[in-house]
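Residue numbers (mature numbering (1 follows the signal peptide of the UniProt record, and there is no 0)): -27 to -1, 1 to 262.
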């Protein structure tokens, strides 16, 4: 059985060369299409508001990484999830003029004019229940609809979405972005990555900001490595046993950068699969299996 790109789906129909995803409970809803001729989540390696520590990635190792620019400057990170939409953090787009936004795809060196391309935004979809206070953001998720569909290549590929109900506690994961290399430094020229470990939720609630956590958040931590300003909205990635990657979190908030005993907090994607499906019905996903 094929696992289509949105985790709670179990049956498929082949229609006009594509796959129309059907929910296991209700067949009356409309779902995004899946192109059976492409697959999500493959790293380019086979073909670190925020990495403090970490290392420069192999060029195009994560071909779904998006650089979100505001008025020409790096503003946030994001992840390409299908041929039309980039997923990012809600706080990245809440308080700015959306006409100043563009998305860079297929990039590694932000100063290289020959890498990738920049595409304008058609519209922004902010989660309806997004909230923000002095410390954290809730339902911190947004979609950027691109002006035109993306043509996939060796350097531009979508990331897989996770299966509903998946638990990543204790697993090693990766975060990537062009954010600060040091706590008080500037953004990185090259895409960087860092390895973290997902902290069990009950342990994270015992940290200094435990009262601000909801069950729709993930915590991840490693000594001297974290996501920092500039990587907001970027992806938290889990590598499956078959080598494919899935998007399990979005860089959301934290206290400082790489502070001892203080994890970073991420949007938990498994809690937003229905929201994603309902807002990307006009997109085409790649096979997720």
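Glycine included, C-beta positions come from ideal geometry on N, C-alpha and C.
(request) Go ahead and pull the three-state DSSP assignment for residue 73. (result) Collapsing the DSSP output to three states places residue 73 in a helix.
(request) Enumerate, from N- to C-terminal direction, the unbroken beta strand (DSSP E) stretches of 3 or more residues contained entirely within the stretch 103 to 149. (result) Considered as a whole, the stretch 103 to 149 harbours 115 to 119 as its complete beta strand (DSSP E) runs of no fewer than 3 residues, in chain order.
(message) Taking its Cβ as the centre, do 16 or more other Cβ atoms sit within 10 Å of residue 256, making it buried, or is it exposed?
(response) So residue 256 counts as buried.
(request) Whole angstroms is fine: what's the gap from residue 109's alpha carbon to residue 225's? (result) Between residue 109 and residue 225, the C-alpha separation is close to 8 Å.
(request) Locate the alpha helix (DSSP H) running through residue 250, then write down its first and last residues. (result) Run containing residue 250: 246 to 252, per the alpha helix (DSSP H) assignment.
(request) Would you mind working out which of 126, 5, 251 and 120 sits nearest residue 37, comparing C-alpha positions? (result) If you compare the alpha carbons of 126, 5, 251 and 120 with that of residue 37, the shortest gap goes to 126.
(request) Pick helix, strand or coil for residue 243, following the three-state DSSP scheme. (result) When DSSP states are grouped into helix, strand and coil, residue 243 belongs to the helix group.
(message) In this structure, how does DSSP classify residue 42 when only helix, strand and coil are distinguished?
(response) Secondary structure at residue 42: strand, using DSSP grouped into helix, strand and coil.
(request) Please classify residue 100: does DSSP put it in a helix, a strand, or coil? (result) Residue 100: coil per DSSP, three-state reduction.
(request) Could you give the DSSP three-state label for residue 64: helix, strand or coil? (result) Helix at residue 64.
(request) Give the DSSP bridge partners of residue 50, in chain order. (result) In the DSSP output, where bridge partners are listed per residue, residue 50 has 40.
(message) Please give the ranges of any beta strand (DSSP E) in the stretch 165 to 201, keeping only runs that are unbroken, at least 3 residues long and fully inside the region.
(response) Secondary structure remark: continuous beta strand (DSSP E) runs of at least 3 residues inside the stretch 165 to 201, in chain order: 165 to 172 and 190 to 194.
(message) Is it the case that the stretch 96 to 115 contacts the stretch 4 to 18, given that we only count it when at least three CB pairs across the two stretches are under 8 Å?
(response) No, because fewer than three Cβ pairs between the stretch 4 to 18 and the stretch 96 to 115 fall closer than 8 Å, the two stretches do not touch.
(message) For residue 52 and residue 39, which I take to be in contact (beta-carbon distance under 8 Å), what is that distance rounded to the nearest angstrom?
(response) Rounded, the Cβ-Cβ distance is 6 Å, consistent with contact.
(message) I want to know whether the stretch 206 to 217 touches the stretch 129 to 148 - three or more CB-CB distances under 8 Å.
(response) Contact holds: three or more Cβ-Cβ distances are below 8 Å.
(message) To the nearest angstrom, how far is the alpha carbon of residue -4 from that of residue 130?
(response) Confidence at residue -4 is low in this model, with a pLDDT of 38, below 50, so the placement of that residue is unreliable and no value is reported for it.
(request) Can you tell me the Cβ-Cβ gap for residue 242 and residue 74, rounded? I've got them flagged as a contact below 8 Å. (result) The Cβ separation is near 22 Å, so there is no contact.
(request) Output yes if chain C places a C-beta closer than 8 Å to the C-beta of residue 123; else output no. (result) Given the protein chain composition of this structure (a single chain), no chain C is represented.
(message) Let me check understanding here. Comparing Cα to Cα, which of 235, 171, 81 and 137 lies closest to residue 250?
(response) Of 235, 171, 81 and 137, the residue nearest in Cα terms is 137.
(request) On a CA-only basis, which of 98, 49, 95 and 66 is nearest residue 83? Give me that one, please. (result) Considering only alpha carbons, the answer is 49.
(message) What does DSSP give as the partner residue(s) for residue 9 in the beta ladder?
(response) Residue 9 pairs with nothing; no bridge assigned.
(message) Mapping the DSSP letters down to three states, classify residue 225 as helix, strand or coil.
(response) Reduced to three states, the DSSP call for residue 225 is strand.
(message) Applying the 10 Å Cβ sphere with the 16-neighbour rule, what's the burial state of residue 16?
(response) That one is buried.
(request) Could you spell out where the beta strand (DSSP E) holding residue 208 opens and where it closes? (result) Per DSSP, residue 208 belongs to the beta strand (DSSP E) from 208 to 212.
(request) Pull up the distance between the alpha-carbon of residue 215 and that of residue 132, whole angstroms please. (result) Between the C-alpha atoms of residue 215 and residue 132 there is a straight-line separation of about 14 Å.
(message) For residue 199, count the other beta carbons within 10 Å of its own beta carbon; 16 or more makes it buried, fewer makes it exposed. Which is it?
(response) Below a pLDDT of 50, predicted positions are generally treated as unreliable, and residue 199, at 47, falls in that range; no measurement from the model is reported.
(message) Between the alpha carbons of residue 184 and residue 178, how many angstroms are there, rounded?
(response) Each residue's alpha carbon lies about 7 Å from the other.
(message) Quick check: residue 78 and residue 63, are their CB atoms within less than 8 Å of each other?
(response) Between residue 78 and residue 63, the CB-CB gap reaches or exceeds 8 Å.
(request) Determine the DSSP secondary structure at residue 160, reduced to helix, strand or coil. (result) Residue 160: strand per DSSP, three-state reduction.
(message) For residue 33 and residue 81, what's the separation of their Cα atoms in angstroms?
(response) Each residue's Cα considered, the two are about 6 Å apart.
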